[in-house]
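Contents: one structure, followed by commentary.
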Amino acid sequence: MTLRVHNLSVSLDGFAAGPDQSQDNPMGVDGMALHQWVFADRSDTEHPDADQRMLDLGTENIGATIMGRNMFGPIRGEWPDYGWRGWWGEEPPYHHPVFVLTHHPRPPLEMVGTTFHFTDDPIEAVLDRAHEAASGKDVRLGGGASTVRQYLKAGLVDHLHLAVSPVILGAGEPIYDGWDVSTFERTETVGSDQVLHVVYRAVR
Numbered sequence: 018m019t020l021r022v023h024n025l026s027v028s029l030d031g032f033a034a035g036p037d038q039s040q041d042n043p044m045g046v047d048g049m050a051l052h053q054w055v056f057a058d059r060s061d062t063e064h065p066d067a068d069q070r071m072l073d074l075g076t077e078n079i080g081a082t083i084m085g086r087n088m089f090g091p092i093r094g095e096w097p098d099y100g101w102r103g104w105w106g107e108e109p110p111y112h113h114p115v116f117v118l119t120h121h122p123r124p125p126l127e128m129v130g131t132t133f134h135f136t137d138d139p140i141e142a143v144l145d146r147a148h149e150a151a152s153g154k155d156v157r158l159g160g161g162a163s164t165v166r167q168y169l170k171a172g173l174v175d176h177l178h179l180a181v182s183p184v185i186l187g188a189g190e191p192i193y194d195g196w197d198v199s200t201f202e203r204t205e206t207v208g209s210d211q212v213l214h215v216v217y218r219a220v221r
């Protein structure tokens, strides 16, 4: 079982989201430009491009997901109520348990195909819970950037895939701060018209 980061879109200057994130602008100022490659036309299903291959790899053999509260929603501090149910509607794109890191736990949220668990446990303990819930499959680490950096700094990430977009944000949520890049080796680099995919594995 491994902890995998997939399709983490970053700017040329190392930001995974723009500044001033909000409910109306969840990726921050100009942050959606990082993700244009995800929404490109892929009508030629018989000849999938590099982008589609990378997207598909991000769902293979995944049994649980860990994400930060900022990825679940824009609400900060204490929950005013439990009305917010995520960005994805009533059928989230997760078909397995999801663990949301937060300083303000709330009861589990059961939705179609998944249950969101809100926890303030240490990140190592959350990873143990996710591995158990994954039932032998791998765990995927979602955003935001702060969550990914925490696991990278702790040396817990096994697979890291960055999708580098030709965008300069100038400010926002950095991805490279606080962890030792020398603990990873590059295993693949492949580009498309939209983005450069760089894949790393941990060296331990």
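According to this note's numbering, the sequence shown is numbered sequentially starting from 18.
We put the CB at the ideal spot given by N, CA and C, even for glycine.
This one's a predicted model, so the numbers in the text were calculated from it and none came from an experiment.
Asked: Excluding the 5 residues flanking Q211 on each side, which residues of the same chain have their C-beta closer than 8 Å to its C-beta?; Found: Q53, W54, A57, D68, S182
Asked: How many angstroms separate the CA atom of G208 from the CA atom of D30?; Found: 18 Å
Asked: Comparing C-alpha positions only, which one of G160, M71, T204, N24 sits nearest to E190?; Found: G160
Asked: The beta strand (DSSP E) spanning F32 covers which residue range?; Found: 32-34
Asked: Using the Cβ count rule (16 or more neighbours within 10 Å means buried), how would you classify P65?; Found: exposed
Asked: Whose C-alpha, out of E107, K154, N78, is nearest the C-alpha of F133?; Found: E107
Asked: If contacts are defined as beta-carbon pairs under 8 Å, then I83 and L158 qualify, I think. What distance do you get, rounded to the angstrom?; Found: 5 Å
Asked: Please determine if the segment 186-202 and the segment 115-125 are in contact, where contact requires at least 3 C-beta pairs separated by less than 8 Å.; Found: no
Asked: Is the distance from the Cβ of V174 to the Cβ of A219 below 9 Å?; Found: yes
Asked: I need the boundaries of the beta strand (DSSP E) containing I79, first residue and last residue.; Found: 79-85
Asked: Within 10 angstroms of the Cβ of H112, are there 16 or more other Cβ atoms? Answer buried if so, exposed if not.; Found: exposed
Asked: Between R102 and P125, what straight-line distance do the alpha-carbon atoms span, to the nearest angstrom?; Found: 11 Å
Asked: Verify whether the separation of the beta carbon atoms of R21 and D155 is less than 9 Å.; Found: yes
Asked: Can you give the Cα-Cα distance for V115 and V184, rounded to whole angstroms?; Found: 30 Å
Asked: Alpha carbons only, please: which of S152, L186, P139, N87 is nearest the one belonging to Y168?; Found: P139
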